[in-house]
Amino acid sequence: MSTQQKGLTPGKPPIWNDPHYRALFFQVLLIIGLGVFLVYIVNNTLANMEARGISTGFAFLNERSGFDILQSLVPFSADSTYGKTFIVGLLNTLLITALGIILATILGFIIGVARLSKNWLIAKLATIFIETFRNIPLLIQIFFWYFVVLRAMPSARDSLSIADSFFLNVRGMYIPSPVTGDGFIFTTIAFVIGIIAAFIMRRWARNRQFATGEQFPVFWTALGLIFGLPLLVFVLTGSPLTWDLPVLERFNFAGGTRIIPELLALLIALSIYTAAFIAEIVRSGILAVSHGQTEAALSVGLTPNQNLRLVVIPQAMRVIIPPMTSQYLNLAKNSSLATAIGYPDIVSVFMGTTLNQTGQAVEIIAMTMAVYLTLSLTISVFMNWYNAKMALVER
Amino acid sequence: MYVTDKILPAQPAPSDTKGPVVWLKENLFSSPLNILMTLFAVYLIYLLVPPAIQWAFIDADWFAATRDGCSREGACWAYIANRFGQTIYGFYPEAEQWRVNTAFLMLIVLCIPLFINSFPKKMWLGGFILIIFPFIAFFLIHGGSFGLVEVSTDKWGGLMLTLIISIIGITLALPLGIILALGRRSHMPIVKSVSVLFIEFWRGVPLITVLFMSSVMLPLFMPEGSDFDKLARAMIGIILFQSAYVAEVVRGGLQAIPKGQYEAAVAMGLTYWKSMFLVILPQALKLVIPGLVNTFIALFKDTTLVLIIGLFDLLGVVQNVLGADSKWLGFETEGYVYAAFVFWLFCFGMSRYSMALERKLHTGHKR
Numbered sequence: 001m002s003t004q005q006k007g008l009t010p011g012k013p014p015i016w017n018d019p020h021y022r023a024l025f026f027q028v029l030l031i032i033g034l035g036v037f038l039v040y041i042v043n044n045t046l047a048n049m050e051a052r053g054i055s056t057g058f059a060f061l062n063e064r065s066g067f068d069i070l071q072s073l074v075p076f077s078a079d080s081t082y083g084k085t086f087i088v089g090l091l092n093t094l095l096i097t098a099l100g101i102i103l104a105t106i107l108g109f110i111i112g113v114a115r116l117s118k119n120w121l122i123a124k125l126a127t128i129f130i131e132t133f134r135n136i137p138l139l140i141q142i143f144f145w146y147f148v149v150l151r152a153m154p155s156a157r158d159s160l161s162i163a164d165s166f167f168l169n170v171r172g173m174y175i176p177s178p179v180t181g182d183g184f185i186f187t188t189i190a191f192v193i194g195i196i197a198a199f200i201m202r203r204w205a206r207n208r209q210f211a212t213g214e215q216f217p218v219f220w221t222a223l224g225l226i227f228g229l230p231l232l233v234f235v236l237t238g239s240p241l242t243w244d245l246p247v248l249e250r251f252n253f254a255g256g257t258r259i260i261p262e263l264l265a266l267l268i269a270l271s272i273y274t275a276a277f278i279a280e281i282v283r284s285g286i287l288a289v290s291h292g293q294t295e296a297a298l299s300v301g302l303t304p305n306q307n308l309r310l311v312v313i314p315q316a317m318r319v320i321i322p323p324m325t326s327q328y329l330n331l332a333k334n335s336s337l338a339t340a341i342g343y344p345d346i347v348s349v350f351m352g353t354t355l356n357q358t359g360q361a362v363e364i365i366a367m368t369m370a371v372y373l374t375l376s377l378t379i380s381v382f383m384n385w386y387n388a389k390m391a392l393v394e395r
Numbered sequence: 001m002y003v004t005d006k007i008l009p010a011q012p013a014p015s016d017t018k019g020p021v022v023w024l025k026e027n028l029f030s031s032p033l034n035i036l037m038t039l040f041a042v043y044l045i046y047l048l049v050p051p052a053i054q055w056a057f058i059d060a061d062w063f064a065a066t067r068d069g070c071s072r073e074g075a076c077w078a079y080i081a082n083r084f085g086q087t088i089y090g091f092y093p094e095a096e097q098w099r100v101n102t103a104f105l106m107l108i109v110l111c112i113p114l115f116i117n118s119f120p121k122k123m124w125l126g127g128f129i130l131i132i133f134p135f136i137a138f139f140l141i142h143g144g145s146f147g148l149v150e151v152s153t154d155k156w157g158g159l160m161l162t163l164i165i166s167i168i169g170i171t172l173a174l175p176l177g178i179i180l181a182l183g184r185r186s187h188m189p190i191v192k193s194v195s196v197l198f199i200e201f202w203r204g205v206p207l208i209t210v211l212f213m214s215s216v217m218l219p220l221f222m223p224e225g226s227d228f229d230k231l232a233r234a235m236i237g238i239i240l241f242q243s244a245y246v247a248e249v250v251r252g253g254l255q256a257i258p259k260g261q262y263e264a265a266v267a268m269g270l271t272y273w274k275s276m277f278l279v280i281l282p283q284a285l286k287l288v289i290p291g292l293v294n295t296f297i298a299l300f301k302d303t304t305l306v307l308i309i310g311l312f313d314l315l316g317v318v319q320n321v322l323g324a325d326s327k328w329l330g331f332e333t334e335g336y337v338y339a340a341f342v343f344w345l346f347c348f349g350m351s352r353y354s355m356a357l358e359r360k361l362h363t364g365h366k367r
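Order-wise, the sequence lines are chains A and B. Here the UniProt record's numbering is used: the first sequence runs in plain steps of one and ends on residue 395. Here the UniProt record's numbering is used: the second sequence runs in plain steps of one and ends on residue 367.
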């Protein structure tokens, strides 16, 4: 104020009123505050751990674990190290997340489209499904599937079966497992070549369409390349694949692959719960494409099918992708509820059993949290990349 | 030339455009595919609904003193009726339960005026509920002074604990979340990056790991010898976790306020805090109330996770207390259905309220 009274040219404000210095001051204050807080916590933690006789460092990862794990994608026994329990738990978490995302997406899209159906009954059923499952805590749903539905399954002797190759009983689900013979590698190679060829073909067809306007049956050719080519190679090499069917022996099944009930319950609950949210996202995405777009597409002579494929879905995807990303992230994080029913995911195995046995809370919790942060970051980076690819290209 | 001098009465619509038969034809049987879908839906309903009604109502037993009184053909609601008090109050002594009732009744009575548009001095009432009331409620429920018997937190449980955790969680997460949201929008690089790191960290990890951390690591962080209540430890974890989600919701509101509002506030000579609290936040918070209700619903559902660290919320009581009672074994289904129904009522009610609020608040920005 005083500077302005002296003349029309504003002078320099006093240093405590200069926004630049004020910002600097507050930030330095924040850093000092945080630093003091951290030092205080670290000191306390070190003192506490010494008092309780907890060792520090990551040496425990190389020690013998001494416990078994219910389900493991890599060979594991009680003689394996604590480090291995981390790997096993991590793989189990990734497995349930991947399966859950696939199932929830499929189910969510079906329910979301059903909710928009012109059929009144179907639309109402979809609404009831959504409103029921997204308003009940996930943990109750997991308990329900695990303790009520799967516990009520018959014993091994009276298993429910489909075509005598899939069996469901109180011990889980038994499915045939593939056994690859000699020469199956050629089919795999053919499959990879098929995918690459399909991509090249799509690019070629697109360039040709831009240049000449002629269309090419991309979809059917791609289907032929990706599935037909491996099938041909498969038959030519003498069908080197057999199925190992589960067979009921005296008390239990032998052969095949067993899906433990914990995995089954968690997968069903996670998929249904997330699908209810995805369905709402899909519905709002489709509704966000104005009807004028469809009318315009039909008036330029596109078939209803082309309209859906070339006009409505690409635009709806833009609205759908960002909230879908956060649902996938939620699913990955919610998979940690596995610990409540004992599915051996990373929280249950590493943060549960390993933590109880070693007592090294700080290292183990930090490692587990790092896993989830990395997982979240990876999914969101991938979806951001996909979103950028799909986003509106403005001139 | 003929000109009519009276208006003819409106004719009823042709019979083939109106009526239940036409409605059925249009909505259920318009095409072969539609007929197929209708049949599928009817079959699905036939498959699910009659057995469910049979189990839950027709064959159900409502009154019985012991498990032998239940026929086992249908649901045994007598089981829930017998243990109803425990699902609401946990292990809270029966003689003292009036204190819990009083506290919740007070909260409801205090909150009613907030929904009456013309009620005067709502700001002060809101402040009273947020700042003074929690202390009154704590003294009532916890006791230990003013001649009330102390009821330690390990006796708290049931729906009461679920409500306490979620209400305290959202009330304390709100101010922290607002500060974080402002920090994330700040021009100071260090303040901004600290806020971003804090928010993204808590949003990136599952609540279970947070609860584990607060129950295992928090005692290590504190100076030696300081003992911490189990519920308080869980609360700290939940509040930090929740504040990150609140911050993102509030940030959405801050971004929706036109830049002109910020510039006008600065041009008026308001300081940063004055411009935020007098101009920006009142508008931004109004915009995000539906979002905050949705966050609260998510928190309300997430409170069930506290059973994993050994607290007895509604689901915890159903799972670990009722489920372990040898006199009433074998009624898990009834327990879960009951807990699911209670949670569903609360969540569905709140989500409807949030939607109504969204419609009501939307008018201000519609042109």
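Beta carbons are placed, not taken as given, at the ideal position from N, Cα and C, and that holds for glycine.
CB contact check: residue i to chain A, cutoff 8 Å
i       : result
K230(B) : no
N294(B) : no
L270(B) : no
I308(B) : yes
V249(B) : no
Q242(B) : no
Cα-Cα separation between residue i and residue j, rounded to whole angstroms
i              : j       : result
T188(A)        : I226(A) : 11 Å
I162(A)        : G256(A) : 14 Å
F115(B)        : I54(A)  : 54 Å
S2(A)          : W16(A)  : Residue placement at S2(A) cannot be trusted, given a pLDDT of 48 that sits under 50; the coordinates are not used to answer.
A137(B)        : L39(B)  : 55 Å
I229(B)        : F86(A)  : According to the sequence as given, residue 229(B) is Asp; it is not Ile. Their Cα atoms are separated by approximately 31 Å.
P19(A)         : M188(B) : 10 Å
L140(B)        : L148(B) : 8 Å
A95(B)         : T325(A) : 50 Å
F104(B)        : L163(B) : 10 Å
A65(B)         : G74(B)  : 16 Å
G291(B)        : V249(B) : 6 Å
G285(A)        : V319(A) : 5 Å
V321(B)        : V196(B) : 41 Å
residue 406(A) : D68(A)  : Residue 406(A) lies beyond the stretch modelled for chain A, which goes from 1 to 395, so this question has no answer here.
L331(A)        : A269(A) : 11 Å
V42(B)         : L36(B)  : 10 Å
L174(B)        : F241(B) : 11 Å
V349(A)        : M317(A) : 38 Å
Residue environment, residue i, which counts as buried when at least 16 other CB atoms sit within 10 Å
i              : result
M217(B)        : buried
N62(A)         : exposed
residue 371(B) : Outside the displayed span of chain B (1 to 367) sits residue 371(B), for which this structure offers no information.
P32(B)         : exposed
D345(A)        : buried
Integer Cβ distance of residue i from residue j, believed to fall under 8 Å
i       : j       : result
R157(A) : V170(A) : The pair is not a contact, with the Cβ atoms about 11 Å apart (cut-off 8 Å).
Y353(B) : V293(B) : 7 Å
V342(B) : L305(B) : Not quite, the Cβ-Cβ distance comes to about 17 Å (not below 8 Å), so this is no contact.
V205(B) : L373(A) : 6 Å
G169(B) : L299(B) : 5 Å
S335(A) : I175(A) : Their Cβ separation, rounded to whole angstroms, is 21 Å, which puts S335(A) and I175(A) out of contact at 8 Å.
A205(A) : F216(A) : 4 Å
Spatially closest choice to residue i from the options, by CA coordinates
i       : options                               : result
I364(A) : T17(B), V210(B) and V149(B)           : V210(B)
E280(A) : E131(A), F253(A), I140(A) and V381(A) : E131(A)
N48(A)  : M222(B), I178(B), I7(B) and F91(B)    : M222(B)
C111(B) : V194(B), F300(B) and K122(B)          : K122(B)
V371(A) : I31(A), N92(A), Y21(A) and I259(A)    : N92(A)
Q141(A) : I272(A), T56(A) and T81(A)            : I272(A)
C-beta neighbour in chain B for residue i, strict 8 Å
i       : result
M1(A)   : Only weak support exists for where M1(A) lies, its pLDDT of 45 falling under 50; the value from the coordinates is given anyway. Not closer than 8 Å to any Cβ of chain B, the Cβ of M1(A) fails to qualify, so no.
W120(A) : yes
T368(A) : yes
K333(A) : yes
Y372(A) : yes
T45(A)  : yes
F277(A) : no
The ligand ATP heavy atom lying under 7 Å from the CB of residue i
i       : result
K301(B) : For the structure depicted, the ligand ATP is absent and the ligand set is empty, with no information on it obtainable.
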